[in-house]
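Numbering (my numbering), first residue to last: 31 to 236.
Even for Gly, the Cβ is constructed at its ideal location relative to N, Cα and C.
If you're wondering where the values come from, they're calculated on a predicted model, not measured in any experiment.
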């Protein structure tokens, strides 16, 4: 069960945004990721709890930030409920999309698992429901994912397969590179893996 810490920063000006302390593990129904977020001052600023099934679909998601909360799952596309800090108002939403995305590395692992790309194959388009900072405002985004390369790297605990993805934002044309090993993001825009206690878990292909 991988356990570790990501540092988060603004992908444009590199302003530190804090850290995400996480643990994740595959299970009989899929994969689960749980994390706590702290700000640059060390204060608690949110949490992520994401569970996906063996096909990469979100069966349960709960994200908290700035006292806002979003809960969602794959129901007729994706369905979610966003609750304000007072807990008195809840807004429901639904779109035809296979998954969620956001600033947490968990969503990158989930999307990669959902798409099951082949190295060198043409890019695959995907529509996702993004939860945007700072108050988890929902926004639909369209991306194109391509698995550019899959390379084996030697480590003390054995060979590590690292996937290099090219992710394009179809609305802005921005292109980013993401490196994922098993169920751990090694690097991505705004994300750096700072500490990992145990090696990444490898997904079993269905």
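**Prompt:** In three-state terms, what does DSSP make of residue 185?
**Reply:** Within the chain shown, the letter at position 155 stands for residue 185. The answer is coil: DSSP assigns residue 185 none of H, G, I, E or B.
**Prompt:** What span of residues does the alpha helix (DSSP H) with residue 52 cover, start to end?
**Reply:** Counting from one through the chain shown, the residue named residue 52 turns up at place 22. From DSSP, residue 52 is part of no alpha helix (DSSP H) but of the beta strand (DSSP E) over 46-57.
**Prompt:** By a C-beta neighbour count over all protein chains shown, 10 Å radius and 16 as the cutoff for buried, is residue 62 buried or exposed?
**Reply:** Translated into the one-based positions of the chain shown, residue 62 becomes position 32. So residue 62 ends up on the buried side.
**Request:** Mind checking which residues open and close the beta strand (DSSP E) that includes residue 157?
**Result:** On the chain shown, position 127 is the one that residue 157 refers to. First-last of the beta strand (DSSP E) with residue 157: 154-162.
**Request:** Measuring alpha carbon to alpha carbon, tell me which of 142, 168, 155, 182 ends up nearest residue 121.
**Result:** Here the question's residue 121 lines up with position 91 in the chain shown. Out of 142, 168, 155, 182, 168 has the C-alpha closest to the C-alpha of residue 121.
**Asked** If you draw a straight line from the C-alpha of residue 74 to the C-alpha of residue 133, how long is it?
**Response** The residue you call residue 74 lines up with position 44 of the chain shown. The residue you call residue 133 lines up with position 103 of the chain shown. It is roughly 16 Å from the alpha-carbon of residue 74 to the alpha-carbon of residue 133.
**Prompt:** How many Å lie between residue 83 and residue 38 at the Cα?
**Reply:** Residue numbering aside, residue 83 sits at position 53 when the chain shown is read from its first letter. Residue numbering aside, residue 38 sits at position 8 when the chain shown is read from its first letter. The straight-line gap from Cα to Cα measures roughly 27 Å.
**residue 85 vs residue 76 beta-carbon contact at 7 Å** = Along the chain shown, one-based indexing puts residue 85 at 55. Along the chain shown, one-based indexing puts residue 76 at 46. Not a contact, by the Cβ cut-off of 7 Å.
**Request:** Enumerate, from N- to C-terminal direction, the unbroken beta strand (DSSP E) stretches of 3 or more residues contained entirely within the segment 57-121.
**Result:** Segments of the beta strand (DSSP E) lying fully in the segment 57-121: 60-68, 74-83, 88-95, 98-103, 108-113.
**Prompt:** Is residue 31 buried or exposed, if buried means 16 or more other CB atoms sit within 10 Å of its CB?
**Reply:** Taking the first residue of the chain shown as 1, we reach residue 31 at position 1. Counting every other CB atom within 10 Å of its CB across the protein chains shown gives residue 31 a total below 16, marking it as exposed.
**Asked** Between residue 70 and residue 220, is the Cβ-Cβ spacing less than 7 Å?
**Response** One-based indexing of the chain shown puts residue 70 at position 40. One-based indexing of the chain shown puts residue 220 at position 190. Residue 220 is positioned such that its CB atom lies no closer than 7 Å to that of residue 70.
**Request:** Could you tell me which residues DSSP puts in a beta bridge with residue 39?
**Result:** As a working note, residue 39 is residue 9 in the chain shown. Its beta-bridge partners are 46.
**Request:** Flag this pair as yes or no: are the beta carbons of residue 194 and residue 209 separated by less than 7 Å?
**Result:** Position 164 of the chain shown, counted from the first residue, corresponds to residue 194. Position 179 of the chain shown, counted from the first residue, corresponds to residue 209. Closer than 7 Å, so yes.
**Prompt:** Between the beta-carbon of residue 161 and the beta-carbon of residue 93, is there less than 7 Å?
**Reply:** The residue given as residue 161 occupies position 131 in the chain shown. The residue given as residue 93 occupies position 63 in the chain shown. Going by beta carbons, residue 161 and residue 93 fall inside the 7 Å limit.
**Prompt:** Closest to residue 108 by CA distance: which of 99, 89, 117, 96 is it?
**Reply:** For this step, residue 108 is matched to residue 78 along the chain shown. With distances taken between Cα atoms, residue 108 lies closest to 89.
**Message:** By the DSSP assignment, the beta strand (DSSP E) with residue 130 in it spans what residues?
**Reply:** Position 100 of the chain shown, counting from 1, holds the residue named residue 130. Boundaries of the beta strand (DSSP E) around residue 130: 129-131.
**Request:** Tell me whether residue 234 is buried or exposed, calling it buried when 16 or more other Cβ atoms sit within 10 Å of its Cβ.
**Result:** Numbered from 1 along the chain shown, position 204 holds the residue referred to as residue 234. By the 10 Å Cβ count, residue 234 comes out exposed.
**Prompt:** Can you list, in chain order, the residues of its chain whose CB lies under 7 Å from that of residue 97, leaving out five sequence neighbours each side?
**Reply:** Here residue 97 is taken as the residue at index 67 of the chain shown, counted from 1. For residue 97, the CB contacts under 7 Å within the same chain, skipping 5 residues up- and downstream, are 115 in chain order.
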